[in-house]
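Have a look at the structure below before the remarks.
There are 2 protein chains.
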Amino acid sequence: MPKPVLKKIVEEADGVYQSILKRRKPRMHMPVRALANVRYSPKVGYFELIGKRKERTLTVGTVKTFAQSLKMMALSKDLIQGDDIASKREAYYISKNWGDARFDEQEESDTVMDDIEAMFEVNREQLGFIPEEHGGEVAGRLTVIDRDDKGKPLAIDCTRFGSGAYSIPISVEHLKFESHAKFIIAIETAGMFQRLVKHNYWKDANCILISMGGVPTRACRRFIRRLADKMRIPVYAFVDGDPYGYFNIYRTLKAGSGNAAHLNQFFCVPIASFLGVTPQDVIDYKLPTHPLKDVDIKRAKDALRNDPFVKHHTEWQAAINQMLKMGVRVEQQAFAKHGLDFVVKDYLPAKLKNPKKFLP
Amino acid sequence: MPKPVLKKIVEEADGVYQSILKRRKPRMHMPVRALANVRYSPKVGYFELIGKRKERTLTVGTVKTFAQSLKMMALSKDLIQGDDIASKREAYYISKNWGDARFDEQEESDTVMDDIEAMFEVNREQLGFIPEEHGGEVAGRLTVIDRDDKGKPLAIDCTRFGSGAYSIPISVEHLKFESHAKFIIAIETAGMFQRLVKHNYWKDANCILISMGGVPTRACRRFIRRLADKMRIPVYAFVDGDPYGYFNIYRTLKAGSGNAAHLNQFFCVPIASFLGVTPQDVIDYKLPTHPLKDVDIKRAKDALRNDPFVKHHTEWQAAINQMLKMGVRVEQQAFAKHGLDFVVKDYLPAKLKNPKKFLP
């Protein structure tokens, strides 16, 4: 249970209270949330905050935001103590009963929530706040340990779902895991996930399959991260061979994004590596392709110029330049040209013989 | 198993073959797929085809499409016999090995697939073709019977997922069900679904919760339909109180859409009724609202004028006029204003005392 957060909230609130008792202006401190306050260290593996902080002092001008911050902290405390959760949207509606401190727009409540998240340096799920959307399906050699309604452990065996799957909940902080799997494959499309499930690929390969369904949600990324940390097994990404798959999906999964840097330490999966589809796969497997669109070319060139992750990895620079030279993108499902089971019987086994050759 | 489809494919192909042996031009017949070929009958509950048919004769001009149709039928036959599935995208890539009959764009292969689906008057899942996306989570008093990799029955108990859920597979034709639930609630947002799961709402209410995640996918609609048919229990829709929730989500779930009328008989849930959120709920429960956007007003007025479903139900006309007069829309999560468990402890129990009052 996230008791340390509870302690932090009480301490912060107590600081404000003591200041008031001493007739001093109460203050709260939180990190500046901007790219200017970020550093990329390949060793750490994700974008980190460099420590610039802003101060919120109680004045006539800040009284409403100050009150809202305290009310939001109180709500978080209630949620944690009551083992409850509230979506961002619900938190906004709850504020309708806060009198003058109520939020007029959800944007305002989201901002205050982000501030608090940054202030306590936790992800908001640890504060009891959950996103609206989830996403992420799991099948394979994994038992998830959740709790039943009496708080007792509830084992969910992800080998026992037939053609279906385990749907990752919006909040995953309380989950525990048991597994003897050798690795995790994080898959871009629901179609490819279903293909691997159909062939019970996880059974012979002794692995865990996770469908990200496009850019992975916070819940999905956090789930993969906690699972990889806990089980100490590698994570291989299997996405479309185009700039969207390389940067919007894989790079976000592995190293995070610039505009939510205070969260990257919780949501990134630095040990992830890139199984495919690579530009070289197009040649090696004679895959059908599509021409790069203008937006693909722009995204690829931007990445070469500006993406700190790409700038640190010459292998990625080479792969992007190869793609640009070939002028084509490729989809995961292109392997179907060689038969529906080609990806299971040929491509994945061949690739997995040498994961050290995967792109970083 | 969908053996009748297999028989239909063989018969149709045999007809073509016999025509050729007799040196006659082979023909295939399929229904015209357009709104002009559709009727709405409230008794049936979904938009129906009225029987106009088009003919595809083998000529110099149609030879490629004709060959593609036959190849697609052959692929379907292989899939059904091999108990396999192919996504629309995979089917397109498979055609890359069909020589001159290969498709250049997926649009072409999708069209041929739609024609075949209409020709045999089945949904394409019965032909072994699956959509790319799925969606739809389930929790509550339901056991889904799938098959394991040896074809043996595999029971999936949807009461045993903790805070997670059972993720509906892309193809649901083979699933069987066991349940003593009294009803199904089909929920628009993942956030509200998670709220009801969090409180184990299904337990006391003895029901099945299904998260549609916005407009329900084919797999999700088909799942609800098959479940409702099999269990003979009512389906209640619980969505946002706005035109998008009323028509794009609820109307699609219940009566289908105009441009895929040959499918409505498989995908609609005519017995569904509308639990909420209604415009009257806004008044009865003093809910926080948002002003209607221009697109909401346009959508509502369009529905009053042109939607055959709305034109048949005076209750819906009254509800829409009430919403337009109030000038506001409301979200499912607005109940949080009265506390996070209000929806579970007050709203749903009060509403469910009288399902006959639900909007049709």
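Line by line, the protein sequences give chains A and B.
Quick note on the working numbering: the first sequence kicks off at 1 and runs consecutively.
Quick note on the working numbering: the second sequence kicks off at 361 and runs consecutively.
Where a beta carbon is used, it is the ideal one built from N, C-alpha and C, also for glycine.
Rounded separation between residue i and residue j - CA only
i, j, result
"MET1 (chain A)", "GLU178 (chain A)", "Its pLDDT being 45, under 50, MET1 (chain A) is placed unreliably in this model, and the value from its coordinates should be taken loosely. Each residue's alpha carbon lies about 18 Å from the other."
"ALA13 (chain A)", "LYS88 (chain A)", "22 Å"
"LEU75 (chain A)", "ILE516 (chain B)", "37 Å"
"PHE426 (chain B)", "VAL472 (chain B)", "9 Å"
"ILE410 (chain B)", "PHE626 (chain B)", "16 Å"
"VAL5 (chain A)", "ARG53 (chain A)", "20 Å"
"LYS337 (chain A)", "GLU450 (chain B)", "8 Å"
"GLU371 (chain B)", "PRO402 (chain B)", "34 Å"
"PRO702 (chain B)", "SER167 (chain A)", "Position check: residue 702 (chain B) holds Phe in this sequence, whereas Pro was assumed. Approximately 26 Å, taken between the alpha carbons."
"LYS456 (chain B)", "LYS512 (chain B)", "35 Å"
"ASP474 (chain B)", "VAL392 (chain B)", "11 Å"
"PRO355 (chain A)", "ARG329 (chain A)", "22 Å"
"ASP284 (chain A)", "LEU352 (chain A)", "15 Å"
"GLN317 (chain A)", "PRO279 (chain A)", "12 Å"
"THR252 (chain A)", "MET388 (chain B)", "49 Å"
"LYS614 (chain B)", "ARG586 (chain B)", "13 Å"
"ASP104 (chain A)", "TRP562 (chain B)", "33 Å"
"ALA679 (chain B)", "GLU132 (chain A)", "27 Å"
"VAL44 (chain A)", "TYR406 (chain B)", "57 Å"
"ARG56 (chain A)", "LEU569 (chain B)", "43 Å"
"LYS286 (chain A)", "ARG305 (chain A)", "30 Å"
Closest Cα partner of residue i within the set the options
i, options, result
"TYR347 (chain A)", "A:ALA303, A:ALA67, A:GLN81 and A:PHE335", "A:PHE335"
"GLY128 (chain A)", "A:MET72, A:TYR246 and A:ASP104", "A:MET72"
"ILE657 (chain B)", "B:LYS711, B:ASN681 and B:MET390", "B:ASN681"
"GLY164 (chain A)", "B:LYS363, B:GLU497, B:ALA541 and B:PHE543", "B:GLU497"
"ILE116 (chain A)", "A:HIS338, A:ASP148, A:MET30 and A:LEU6", "A:MET30"
"CYS628 (chain B)", "B:GLU371, B:ARG578 and B:LEU439", "B:ARG578"
"GLY699 (chain B)", "A:ILE85, A:GLY15, A:ARG251 and A:THR278", "A:ILE85"
"LEU389 (chain A)", "A:TYR236, A:ILE130 and A:ARG329", "Residue 389 (chain A) cannot be examined here, being either before or after the span of chain A that is shown, 1 to 360."
"ALA303 (chain A)", "A:MET326, A:GLY245 and A:ASN264", "A:GLY245"
"LYS424 (chain B)", "B:SER469, B:SER401 and B:ASP443", "B:SER469"
"VAL420 (chain B)", "B:PRO386, B:ILE609 and B:ASN666", "B:PRO386"
"LEU175 (chain A)", "A:TYR201, A:GLN194 and A:VAL144", "A:VAL144"
"ASP204 (chain A)", "A:ARG225, A:ILE187 and A:HIS180", "A:HIS180"
"PRO529 (chain B)", "B:LYS368, B:CYS580, B:ASN483 and B:GLU675", "B:CYS580"
"ASP348 (chain B)", "B:PHE607, B:LYS437, B:ARG592 and B:VAL655", "Lying outside 361 to 720, the shown extent of chain B, residue 348 (chain B) is not represented and no answer is given."
"LEU58 (chain A)", "A:SER19, A:GLY135, A:ASP240 and A:LYS7", "A:SER19"
"ILE584 (chain B)", "B:GLY495, B:HIS650 and B:LEU381", "B:GLY495"
"MET369 (chain B)", "B:ASP464, B:LYS382, B:GLY687 and B:GLN441", "According to the sequence displayed, residue 369 (chain B) carries Ile and not Met. Of the candidates B:ASP464, B:LYS382, B:GLY687 and B:GLN441, the one whose C-alpha sits nearest the C-alpha of ILE369 (chain B) is B:GLN441."
"PHE669 (chain B)", "B:LYS653, B:ARG484, B:LYS437 and B:TYR610", "B:TYR610"
"LYS363 (chain B)", "B:ASP443, B:LEU381 and B:ARG416", "B:ASP443"
Distance CB(residue i)-CB(residue j) smaller than 9 Å
i, j, result
"PHE238 (chain A)", "GLN126 (chain A)", "no"
"PRO360 (chain A)", "SER257 (chain A)", "no"
"ASN206 (chain A)", "LYS182 (chain A)", "yes"
"TYR453 (chain B)", "PRO349 (chain A)", "no"
"GLU481 (chain B)", "ASN624 (chain B)", "no"
"ASP240 (chain A)", "VAL295 (chain A)", "no"
Same chain, Cβ closer than 7 Å to residue i, five either side skipped, listed in chain order
i, result
"PHE161 (chain A)", "ALA139"
"ALA550 (chain B)", "SER571 and GLY573"
"ALA588 (chain B)", "ILE544, VAL595, VAL629 and ILE631"
"HIS313 (chain A)", "PRO360"
"PRO291 (chain A)", "GLY327 and VAL328"
"THR519 (chain B)", "GLY500 and ARG501"
Nearest-angstrom beta carbon gap, residue j and residue i [assumed within contact, 8 Å]
i, j, result
"ILE271 (chain A)", "PRO234 (chain A)", "6 Å"
"ARG582 (chain B)", "VAL532 (chain B)", "5 Å"
"VAL344 (chain A)", "LEU196 (chain A)", "7 Å"
Same chain, Cβ closer than 6 Å to residue i, neighbours up to 5 away in sequence not counted
i, result
"TRP458 (chain B)", "LYS431"
"GLN466 (chain B)", "TYR452"
"PHE718 (chain B)", "SER633, PHE634 and LEU635"
"ILE187 (chain A)", "PHE193, SER211 and PHE238"
"MET479 (chain B)", "MET390"
"VAL376 (chain B)", "PRO386"
"PRO243 (chain A)", "ASP296, ARG299 and ALA300"
Proximal residues to residue i (C-beta, below 8 Å), its chain only, five neighbours per side dropped
i, result
"LYS301 (chain A)", "LEU324"
"LEU514 (chain B)", "ILE505, ASP506, ARG507 and ASP508"
"ALA461 (chain B)", "LYS424, ALA427, GLN428, LYS431 and SER455"
"LYS558 (chain B)", "SER523"
"ASN123 (chain A)", "GLU117, ARG218, ARG222, LEU263, PHE266 and PHE267"
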